[in-house]
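Colleague: Just so you know, the sequences run in chain order D and W.
In my numbering, each residue carries its 1-based index in the first sequence increased by 50.
In my numbering, each residue carries its 1-based index in the second sequence increased by 4.
We put the beta carbon where it would ideally sit given N, CA and C, even for glycine.
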Amino acid sequence: MVLHPAKLFVYALAFRFSSGRGRCFSPGFKALSGWYASRVQQWLFDRAAAKWWRAYLERD
Amino acid sequence: MPEKLILRDWQKIRTWLEPRIQAGEIRLISLDIFDTLLARCVEPPEIVQHAVCRAVGKKVGIAPSLVWQARQQAEQTLRVEAVAAGFDHECRYIDLLPRWMENLFQEQDQALGHFMCQTELSLEDASLHVKPDARVFMDWVREQGVKMVAVSDMYLNRDLLSELLGRKGLLHYFEHVYVSADYQEGKYSGRLYRRMLQRQLVTAGQVVHIGDNPVSDRRMACKEGIQGVWLYEKKELRRRERLALSARMSQRGSIWVGRHFFETVQTRIHQDDSLNPRNFFFRYGRDVLGPAFSVFMQGLQERLQRQQQQGQSVEKLLFVARDGFLFERMYRDLEEQLPAEYVYLSRKVITAASVADGLSHEQAVVAFYNPKQQGLESVCKVYGLPEAELQPLAKDHGFADFTAPIHNWQDTRLHNFLRDHKVQAIVRRVGGKHRDLLQRYLQQIGFFAHKRVALVDIGWNGTVQKFLKQAFGKRADFPVLHGYYFAFVPKLYADFGDNNVCEGIVHDSRRGNACERIPAEFEEIFEQGARSYEATTIGYRDCEGRIEPVLKPDSAPDRLAELRCNASVARMQEGILCHWQHYQAVQRLTGYSSQQLLPYVHGVLERAVVYPTREETRELTRLVHTEDFGHDHVLELGKRALGLGDLLRPRKVLQHMRVAAWRYALLDKIPTGLPNFACRMMYLHTVEK
């Protein structure tokens, strides 16, 4: 039910390469890049882990 | 000062607590509620408040943004007033409600206040679920004989929060519920802990508080001498981050709206039942057909409401057998309903009645659309005509073999046969009988008693609607007919006549959007998913003045095959209804329209039809499909899958693909999705752009 947006992007390419109408369920390249950037950001700046370290190191 | 405790799950908390409880050191366990015991399926939590504003706005006819502004304004004022009075910056719902109404209408309305309050509660209820591990933990604490209290920083007052906890089946665990809104004192200042200790008559050292916030649930509790435990559930935090990203992306529109919506639905489904059911058909119904049928039902409801607003309200909804069966069950779950009925109509009975005035060439060739057509025998089967009586007459016109397929539709023999007065006399006599019974059945269900009637069906050509108009359209009381189809592909007929409107909600070929045509590429699976367990209607009989449908006998070969598949269809429908239940809740929370969700649903269907998994191909090709156009044919959904060796015989491959009901299943044995992608492109090149 929850599809990876890159998959949808690839599926929509089949329409782009044939009928020329591939926008309907394509996430759009810009939006897809934005999504990937956010995911990488989430992975690099692990807020949950940072929270844990902060609590772990704080003085009572 | 209590020790610094950061524990990752409820089991670890239990392990830490067990020896201390046994040693009698702990007399009271205090629990945070939100994100500790209860988790949300939406992120950020403001989505719930926005949903309340939408519901209030809809009820009173004010833009939701204004309702939201009025609420924010009231909340801010109350927080400032609380701080000025020496309390924590808390806002009480009991104070917020009158202030909010005053900002909106400059007056108080008790009934509206009650509506607002109940909407808030029911939407909070829809967005929350009890974490299964938390419930197990609380059961264990109760067994140990230790008292529990709930302590929460929340704007809902104790009564409202208790009602919410009651709805979630948690209230009975607690001795008392302490809410910041009641005292205008929060956990973050430590005041709420002090009040709790005072009221419970325990010392801080005898209490353990567990919560998800490192500051208010651990640090502040520890400052008051209470052993605070920070419940650090990494998986849960990640899930919330993912949902928040999804919500942000949804503002870009396109498929992101649908992705946010269905991610929320999936979260809710998993939260409700974290077990992944083993039955394939249940999962397929829930995860593939569920989204498609649910968005169709929402689209139907939106169209009916629009018509109501335009003063052209549909008076009765008729769910057409057999594929309207599931839609009628889904419709019954909706809050606003019109009179609706499941009706026993089929292509077979309608076409039989439509020849009461004779059989035209246009009508006769309808039988030849079936790839397995058998010439005049098919015509007789489609229109319920007596083969024995027509066979000798056909011979006179040169049809030596009554069952020989007719590929040239302009065959002179066919024209002559149809012009024959004797043929038409037989057709009119038999058609007249069929029409009389059908007319009486329609009268019985009140078809002619309403000005506007809607037919709801899966699709595809609108045969029932077309022939109903053809058979009875001359009656003065024939209603304005609206046909709402899951997918509408009018290949057989173009003209449906006046006051006879058809619309495909998920797919309508007249819109010319190639991306939405996916249901038409594997129609059979949608029909299987929606169909009734009963046999198709082949006629009617008069039972002491009441017209009853005559169903195809269970001994018919196609019916026998169908009966064998009924259990799988039933599991599939259970899955669809499970999805529908969660879909409605999430729709109330997000407020998305069917139009916003459709692009993503088309993507889900594209994945399922064009790029099926091995398991999907294996299980779905076991189903058999029957058609109710007079024949006893059974359509196997899967044929032999193609292997790499078949690529050396491209002509044979093309032939296979042309006749296959599900052509992409043939590529099952070829690894990767590349052949599917290539096949999809080739196919799209061949169809009309």
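In chain W, which residues lie with their C-beta within 7 Å of the C-beta of Y106(D)?
Modeller: I10
Colleague: Between which two residues does the beta strand (DSSP E) holding C683(W) run?
Modeller: No beta strand (DSSP E) holds C683(W); the alpha helix (DSSP H) holding it covers 678-690.
Colleague: Give, in chain order, every unbroken run of the alpha helix (DSSP H) that is at least 4 residues long and sits entirely within the stretch 431-476 of chain W.
Modeller: 467-476
Colleague: Taking DSSP as the reference, what is the three-state secondary structure of T617(W)?
Modeller: coil
Colleague: Using DSSP with H/G/I as helix, E/B as strand and the rest coil, what is D512(W)?
Modeller: Looking at D512(W) - three-state DSSP - the assignment turns out to be strand.
Colleague: Only counting the same chain, and skipping five residues up and downstream in sequence, which positions put a Cβ closer than 7 Å to that of R592(W)?
Modeller: Sequence-distant Cβ neighbours of R592(W) in its own chain, meaning closer than 7 Å and more than five residues away, are A55, L127, A130.
Colleague: For my contact list, V145(W) and I33(W) are in at a C-beta cut-off of 8 Å; report their separation, rounded to the angstrom.
Modeller: 6 Å
Colleague: Compile a chain-ordered list of the residues in the stretch 327-357 of chain W whose CB is closer than 9 Å to at least one CB of chain D.
Modeller: none
Colleague: Which bits of chain W does S68(D) rub up against, with CB to CB less than 7 Å?
Modeller: Scanning chain W for C-beta atoms nearer than 7 Å to the C-beta of S68(D) yields M685, L688, H689, reported in chain order.
Colleague: Run the CB neighbour count on G607(W), radius 10 Å, all protein chains shown included, and call it buried at 16 or more, exposed below.
Modeller: buried
Colleague: Strictly below 7 Å CB to CB, what residues from chain W border Y86(D)?
Modeller: Going along chain W, no residue has its Cβ under 7 Å from Y86(D), so there is no contact; the nearest lies around 11 Å.
Colleague: Give the list of continuous alpha helix (DSSP H) stretches no shorter than 4 residues that lie fully inside the stretch 97-121 of chain W.
Modeller: 97-109
Colleague: Taking Cβ to Cβ, would you say L9(W) is nearer than 9 Å to R195(W)?
Modeller: In this structure, R195(W) does not lie closer than 9 Å to L9(W) by Cβ.
Colleague: By a C-beta neighbour count over all protein chains shown, 10 Å radius and 16 as the cutoff for buried, is L688(W) buried or exposed?
Modeller: buried
Colleague: Measure the CB-CB distance between P557(W) and G543(W) and report whether it falls below 9 Å.
Modeller: No, the Cβ-Cβ distance between P557(W) and G543(W) is not below 9 Å.
Colleague: Taking the alpha-carbon of L441(W) as reference, which of G466(W), Y348(W), K399(W) has the nearest alpha-carbon?
Modeller: Y348(W)
Colleague: Quick one: using the 10 Å Cβ neighbour count with 16 as the cut-off for buried, is Q447(W) buried or exposed?
Modeller: exposed
Colleague: Give the list of continuous alpha helix (DSSP H) stretches no shorter than 4 residues that lie fully inside the stretch 323-392 of chain W.
Modeller: Fully enclosed alpha helix (DSSP H) runs of 4 or longer: 328-335, 351-358, 365-368, 379-387.
Colleague: Exposed or buried, what is W584(W) when buried is set at 16 or more other beta-carbons lying within 10 Å of its beta-carbon?
Modeller: buried
Colleague: Give the interface partners of V52(D) over in chain W, defined as CB-CB distance under 8 Å, in chain order.
Modeller: R263, F266, E267, Q270
Colleague: Could you tell me whether the Cβ of D13(W) comes closer than 9 Å to any Cβ of chain D?
Modeller: Interface residue (Cβ-Cβ distance to chain D less than 9 Å): D13(W) is not classified as such.
Colleague: Is the beta carbon of R351(W) less than 9 Å from the beta carbon of F471(W)?
Modeller: yes
Colleague: Among the residues of its own chain, which have a CB less than 6 Å from the CB of K693(W), if the five just before and after it don't count?
Modeller: Any answer about K693(W) is weak, because its pLDDT of 49 lies below 50 and its placement is not dependable; what the coordinates show is given next. There are no such residues.
Colleague: At which residues does the alpha helix (DSSP H) containing D276(W) begin and terminate?
Modeller: 259-276
Colleague: Would you say F79(D) lies against chain W (beta-carbon separation less than 9 Å)?
Modeller: no
Colleague: Is the shortest distance between the beta-carbon of V90(D) and the beta-carbons of chain W less than 9 Å?
Modeller: no
Colleague: Taking 9 Å as the CB-CB limit, is A99(D) close to chain W?
Modeller: yes
Colleague: Locate the beta strand (DSSP E) running through F75(D), then write down its first and last residues.
Modeller: Where F75(D) is concerned, there is no enclosing beta strand (DSSP E), given that its DSSP letter is neither H nor E.
Colleague: Residue range of the beta strand (DSSP E) that I10(W) falls in?
Modeller: 9-11
Colleague: T541(W) lies in the beta strand (DSSP E); which residues open and close that run?
Modeller: 541-547
Colleague: Give every residue of the same chain whose Cβ lies closer than 6 Å to the Cβ of V614(W), excluding the five residues on either side of it in the sequence, and list them in chain order.
Modeller: Y668, N680, R684
Colleague: Counting only C-beta atoms, is A56(D) closer than 9 Å to chain W at any point?
Modeller: no
Colleague: Does the beta carbon of R519(W) come closer than 9 Å to any beta carbon on chain D?
Modeller: According to the sequence displayed, residue 519(W) carries Cys and not Arg. Cβ-Cβ to chain D under 9 Å: yes for C519(W).
Colleague: Can a CB atom of chain W be found closer than 9 Å to the CB of S76(D)?
Modeller: yes
Colleague: So, with DSSP's three-state summary, where would you put C506(W)?
Modeller: strand
Colleague: Got a sec: which bits of the stretch 605-624 of chain W sit with their beta carbon under 8 Å from any beta carbon on chain D, in order along the chain?
Modeller: H606, G607, V608, E610, R611, V614, Y615
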